[in-house]
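Trainee: Numbering-wise (the numbering used here), the sequence shown opens with residue 4 and increments by one. Where a beta carbon is used, it is the ideal one built from N, C-alpha and C, also for glycine. Just so it is clear, the structure is predicted and the values come from calculations on it, not from any experiment. Below is one structure. I have some questions about it.
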Amino acid sequence: MTIIAPITSTYAGILGLYYLKLSIDAARQRMKARIAIGDGSHHLIRKIISSSKTGNIEEIGKIDYHAYDNLLIAIRSQGNFGEYTIFVLLFSLICELNGVSSNILNGLLLAFTVSRFAHVSGLYGTYSIGIGRRIGVFLTFIALLSLSIICIYYPNQDKIHKLINQ
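Written out as structure tokens, the structure reads:
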């Protein structure tokens, strides 16, 4: 059996399982908050408008504005993960098929995988700006930038070297 892209395949499996976990977390938060669609903000807006229309300003002060925070974090954890992961895996596959070093790919995909775990842990930090989020964003950007540059460089390296040596 010939395996064409073992590195990307391995990380795709790991990241796929983590995406499933994030999806289950989002579904659980939706059930807990009893919100089928959206992030709950429309319920808060309705409460504010309803209290304003009745002139009952005291009711506005009783509204729990953090009632849907965990739902929003779960939704954004899942969404953000999906937004970046698909591109990183696609670029990784292109690099692997073009013969990029397995050490480079393993390093970048490991950094990206760590970044995704860190990012989610940081979202659950105070005001969603925990250290994990900053580490996650930094490593995600490094992996995405590196893979993008490699995707441009590898198929064009002869042309690039000719331009440099002129």
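By Cβ distance below 6 angstroms, which residues in the same chain neighbour residue 138 in space, the five residues on each side in sequence not counted?
Mentor: 121
Trainee: Could you check whether the region 76 to 88 touches the region 25 to 38, counting it as contact only if at least three pairs of C-beta atoms, one from each stretch, sit closer than 8 angstroms?
Mentor: yes
Trainee: Okay, do the region 139 to 150 and the region 83 to 100 touch, 3+ Cβ pairs below 8 angstroms being the bar?
Mentor: Counting Cβ pairs under 8 angstroms, three or more are found: they touch.
Trainee: Within 8 angstroms, do at least three Cβ pairs link the region 10 to 22 to the region 102 to 109?
Mentor: yes
Trainee: Tell me whether residue 126 is buried or exposed, calling it buried when 16 or more other Cβ atoms sit within 10 Å of its Cβ.
Mentor: By the neighbour-count rule (16 or more Cβ atoms within 10 Å), residue 126 is buried.
Trainee: Buried or exposed for residue 5, going by 16 or more other Cβ atoms inside 10 Å?
Mentor: exposed
Trainee: For the alpha helix (DSSP H) holding residue 69, just list the boundary residues, first then last.
Mentor: That residue, residue 69, is in no alpha helix (DSSP H); it is neither H nor E in DSSP.
Trainee: From 66, 119 and 38, pick the residue whose C-alpha is nearest to that of residue 20; which is it?
Mentor: For residue 20, the closest of 66, 119 and 38 by C-alpha to C-alpha distance is 119.
Trainee: Do residue 54 and residue 94 come within 8 angstroms of each other at the CB atom, strictly closer than that value?
Mentor: no
Trainee: Judging by CA-CA distance, which residue of 71, 50 and 92 is the nearest neighbour of residue 61?
Mentor: 50
Trainee: Rounded to whole angstroms, what is the Cα-Cα separation between residue 65 and residue 129?
Mentor: 22 angstroms
Trainee: Looking at the structure shown, is residue 4 part of a helix, part of a strand, or coil, going by DSSP?
Mentor: coil
Trainee: Please classify residue 58 as buried or exposed, where buried requires at least 16 neighbouring CB atoms within 10 angstroms.
Mentor: exposed
Trainee: Taking 7 angstroms as the line, does the beta carbon of residue 155 fall inside it for any heavy atom of the ligand FMN?
Mentor: Within the structure as shown, the ligand FMN is missing, as the structure has no ligands at all.
Trainee: Quick check on the burial criterion: 16 or more other C-beta atoms within 10 angstroms. Buried or exposed for residue 82?
Mentor: exposed
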